[in-house]
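First comes the structure, then the notes that go with it.
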Amino acid sequence: MSSILIKNAEIITMNAKEDILLGDLYIVDDRIAEIGPNLSVSADKVIDASGKTVIPGFIQTHIHLCQTLFRGQADDLELLDWLKQKIWPLEASHDEESIYYSAMLGIGELLQSGTTTVVDMETVHHTEYAFQAIAESGIRALAGKVMMDKGDEVPVLLREKTSSSIQESVDLLEKWHNHDNGRIQYAFCPRFVVSCTEELLTNVRDLSAGYNVRVHTHASENANEILLVEREYGMRNVVYLDSIGLANDRLILAHCVWLDEEEKRIIKQRGVKVSHCPGSNLKLASGVAEVPSLLEKQAFVSLGADGAPCNNNLDMFNEMRLAAIIQKPVHGPTAMNARTVFRMATIGGAKAVGMEGEIGSLERGKKADLAILNLNDFHVYPSFDIDTISRIVYSATRADVETTVVNGKILMENRKLKTVNKDI
Ligand code: GUN
Ligand code: FE
Numbered sequence: 008m009s010s011i012l013i014k015n016a017e018i019i020t021m022n023a024k025e026d027i028l029l030g031d032l033y034i035v036d037d038r039i040a041e042i043g044p045n046l047s048v049s050a051d052k053v054i055d056a057s058g059k060t061v062i063p064g065f066i067q068t069h070i071h072l073c074q075t076l077f078r079g080q081a082d083d084l085e086l087l088d089w090l091k092q093k094i095w096p097l098e099a100s101h102d103e104e105s106i107y108y109s110a111m112l113g114i115g116e117l118l119q120s121g122t123t124t125v126v127d128m129e130t131v132h133h134t135e136y137a138f139q140a141i142a143e144s145g146i147r148a149l150a151g152k153v154m155m156d157k158g159d160e161v162p163v164l165l166r167e168k169t170s171s172s173i174q175e176s177v178d179l180l181e182k183w184h185n186h187d188n189g190r191i192q193y194a195f196c197p198r199f200v201v202s203c204t205e206e207l208l209t210n211v212r213d214l215s216a217g218y219n220v221r222v223h224t225h226a227s228e229n230a231n232e233i234l235l236v237e238r239e240y241g242m243r244n245v246v247y248l249d250s251i252g253l254a255n256d257r258l259i260l261a262h263c264v265w266l267d268e269e270e271k272r273i274i275k276q277r278g279v280k281v282s283h284c285p286g287s288n289l290k291l292a293s294g295v296a297e298v299p300s301l302l303e304k305q306a307f308v309s310l311g312a313d314g315a316p317c318n319n320n321l322d323m324f325n326e327m328r329l330a331a332i333i334q335k336p337v338h339g340p341t342a343m344n345a346r347t348v349f350r351m352a353t354i355g356g357a358k359a360v361g362m363e364g365e366i367g368s369l370e371r372g373k374k375a376d377l378a379i380l381n382l383n384d385f386h387v388y389p390s391f392d393i394d395t396i397s398r399i400v401y402s403a404t405r406a407d408v409e410t411t412v413v414n415g416k417i418l419m420e421n422r423k424l425k426t427v428n429k430d431i
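Numbering (the working numbering), first residue to last: 8 to 431.
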C-alpha cells in the first residue's frame, strides 16, 4: 500500500456541484481515499500545498503521439496538402525506435502540462512501441494503430490490406486492452472516411461492439475532405458514418468543424463524442467549429490538442483558452465561458472515454489523476477576489504545473519527469 497526503490546497473538484474546497486530499494506492479539511491520517508522502490549487488531470480526447517529432513541418498548409506532402511520408519513415521516442517525448510534454489521459491515434506501423512508451510512462491512454486501406495519395508504405489492418488492430487490442488494471485501453482508429473502405469501417463497427471499445476517427474537419466524401457516397461525413452504423456512443469524432443540422442531430441522438481541437482547426485553416450550438443541444464535447504539428503545442491550457476566446467575437463573451471549457477539459473528457465514474473529477473513490498548480506568481492586488477557474483558463501556463499524478503515482514533480514502470 502507498499513500500520499496533499495538504491545505484549494481543490477544484468538478464533482456534480462543482464544489471548490479548501482542505486535504488523501490518496491510497491508485484512488482518492478522502477529501476534507484537516484530515488526520498518516501518509508515506506529505505535500504541503498551501496556496496551491489541485485540479483533476486534463483528459485530451484527440492526440497523435506518433507526430510529436514532426513539429514545425508544413506549418502553412491546409489539411490534405499537409497530410500528402509531409505527414504521411513522415509517418511512413517511422521505425520502432522513433515511434517509441515520439510517444515518450509527447507524453513528457503532456505530463508537464497537467494532462493525465490521452486518446491517441498512432500511425500504421510499430504501434506496439507506442504502447510500450505509454506503459512505461504511467500516463492513462486509449490508443490504437491507425487504419487506412484506401486512397491513391496515401504512400504505398502506409496503404494496408483490409484484412491485415483489422488483424493487426485486433492483435494489439488483445495484447494491450485493459493492461495495468485498465490504465491502458485499446481504441480502433480508422483514420477518416477518405482513407478507409466501407468493408474496413463495418468490421470496425462490429469489433468495437464485440469488445466494447471506443472508435476514434476524424470527421468534417476541412471543406475539401468533406467534398471527397460527398463525391464518393453522396452524403456528408456524419450521415455516412450513421448510415453504416458507426455513429454510436462509442465513437469519438475529432474536429467536426463543418456540421450541418442533420449531422448535429445525429451526433446528439446517437451519443457520439465530439473532440474539439481549436488550435489545430485554426492552424490548419480548417475553420471554427460551432461548439456553442453543439452544447446547446447537450451533445458531448471534449478537447484535444491533435498532433504536435497540427498546432505546435500539446498543451491543454492553450486549447482551453482558444476554445473560449475564438467563440467570443461571434457568440458573445459568455457563450464559451471559463467554466464551460474547464468542464470540457476534465469531466467532459471522462464522459468521452466512458470513464466518468473513474476520472475527470476529484471525489472519494475515484482514480487519483490530478495536477497541482502553483498560481502564486499572479500579479494582482491581494485583496482582489479571483475566480480560480477563470484564472486557469485565461492565464495559466504549463509552467504553473508543479506536480502531476496518474493512478496515484507522481509522474512529474517540480517540473521533473519520473518513469514509473520500466518492467513491462
Ligand atoms: N485527418 C486525417 N488524418 C489526420 C491527421 O493526422 N491530423 C489531422 N488534424 N487530421 C487528419
Ligand atoms: Fe488528428
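Even for Gly, the Cβ is constructed at its ideal location relative to N, Cα and C. On a predicted model such as this, the values are computed, not experimentally measured, just so you know.
Per DSSP, which one or two residues make a beta bridge with residue i?
{"i": "Gln192", "result": "Leu149"}
{"i": "Leu12", "result": "Tyr33 and Val53"}
{"i": "Lys280", "result": "Ile259 and Phe307"}
{"i": "Val61", "result": "Ile18 and Ile379"}
{"i": "His71", "result": "Partner(s): none; His71 has no beta bridge."}
{"i": "Met419", "result": "Thr411 and Leu424"}
{"i": "Pro197", "result": "Met154"}
{"i": "His186", "result": "Ile191"}
{"i": "Lys374", "result": "Arg38"}
{"i": "Leu28", "result": "Ile18"}
{"i": "Ile66", "result": "Thr124"}
Under DSSP, the alpha helix (DSSP H) around residue i begins and ends at which residues?
{"i": "Ala137", "result": "Thr134 to Ser144"}
{"i": "Pro96", "result": "Trp95 to Ala99"}
{"i": "Ser215", "result": "Glu205 to Tyr218"}
{"i": "Ile366", "result": "Neither: Ile366 is in no alpha helix (DSSP H) and is coded neither H nor E."}
{"i": "Gly115", "result": "Glu103 to Gln119"}
{"i": "Pro285", "result": "Pro285 to Lys290"}
{"i": "Ala345", "result": "Ala345 to Ala352"}
{"i": "Val246", "result": "Asn244 to Ser250"}
{"i": "Arg277", "result": "Glu268 to Arg277"}
{"i": "Glu326", "result": "Met323 to Ile332"}
{"i": "Glu232", "result": "Ala230 to Tyr240"}
{"i": "Ala226", "result": "Not the alpha helix (DSSP H): Ala226 falls in the beta strand (DSSP E), residues Arg221 to Ala226."}
{"i": "Asp88", "result": "Leu86 to Trp89"}
{"i": "Trp432", "result": "This structure cannot speak to residue 432, because the chain is shown only from 8 to 431."}
{"i": "Thr395", "result": "Thr395 to Ser402"}
{"i": "Lys335", "result": "Lys335 to His338"}
{"i": "Asn318", "result": "Ala315 to Asn318"}
By Cβ distance below 7 Å, which residues in the same chain neighbour residue i in space, the five residues on each side in sequence not counted?
{"i": "Ile7", "result": "Nothing about residue 7 can be reported from this structure: the residues present for the chain run from 8 to 431 only."}
{"i": "Ser202", "result": "Met155, Lys157, Gly158 and Val161"}
{"i": "Asn318", "result": "Gly286, Ser287, Lys290 and Ala312"}
{"i": "Asp407", "result": "Leu380, Asn381 and Leu382"}
{"i": "Asn421", "result": "Glu409"}
{"i": "His299", "result": "In the sequence under discussion, the amino acid at residue 299 is Pro, which differs from the His named in the question. Correct list, in chain order: Gln334, His338, Ala342 and Met343."}
{"i": "Val125", "result": "Gln67, Ile70, Leu117, Ile146 and Ala148"}
Looking at the ligand FE, does it come within less than 7 Å of residue i, judged from the CB to the closest heavy atom?
{"i": "Cys317", "result": "yes"}
{"i": "His69", "result": "yes"}
{"i": "Gly355", "result": "no"}
{"i": "Ala406", "result": "no"}
{"i": "His386", "result": "no"}
{"i": "His283", "result": "no"}
{"i": "Ala359", "result": "no"}
{"i": "Ala261", "result": "yes"}
{"i": "His225", "result": "yes"}
Say yes only if the C-beta of residue i is nearer than 7 Å to one or more non-hydrogen atoms of the ligand MN, and no if none qualify.
{"i": "Asp88", "result": "Among the ligands modelled here, namely the ligand GUN and the ligand FE, the ligand MN does not occur."}
With hydrogens ignored, establish whether the beta-carbon of residue i is closer than 7 Å to any heavy atom of the ligand GUN.
{"i": "Leu322", "result": "Note on identity: in this sequence residue 322 is Asp, with Leu being the wrong assignment. Every heavy atom of the ligand GUN is 7 Å or more from the Cβ of Asp322, so no."}
{"i": "Gly314", "result": "yes"}
{"i": "Arg437", "result": "Since the first residue shown for the chain is 8 and the last is 431, residue 437 is missing from the structure and cannot be characterised."}
{"i": "Ile233", "result": "no"}
{"i": "Arg272", "result": "no"}
{"i": "Leu449", "result": "No information on residue 449 is available, as it lies outside the stretch 8 to 431 that the chain covers here."}
{"i": "Phe65", "result": "no"}
{"i": "Phe195", "result": "no"}
Output needed for residue i: all residues of its chain with C-beta closer than 6 Å, excluding positions within five of it in sequence on either side, in chain order.
{"i": "Ile273", "result": "Val245, Asp249 and Ala254"}
{"i": "Glu370", "result": "Asn22"}
{"i": "Asp322", "result": "Ser120 and Arg405"}
{"i": "Leu46", "result": "Asp31 and Tyr33"}
{"i": "His184", "result": "Gln192 and Tyr193"}
{"i": "Ile114", "result": "Ser144 and Ile146"}
{"i": "Val337", "result": "none"}
{"i": "Ile354", "result": "Met21, Gly367 and Ser368"}
{"i": "Asp127", "result": "Ile70, Leu72, Ala148 and Ala150"}
May I ask which residues mark the beginning and end of the beta strand (DSSP E) holding residue i?
{"i": "Ser309", "result": "Phe307 to Leu310"}
{"i": "Ala40", "result": "Arg38 to Gly43"}
{"i": "Val126", "result": "Thr122 to Met128"}
Here's a check: name, in chain order, each residue in its chain whose Cβ is nearer than 8 Å to the Cβ of residue i, leaving out the five neighbours to either side.
{"i": "Pro96", "result": "Pro162"}
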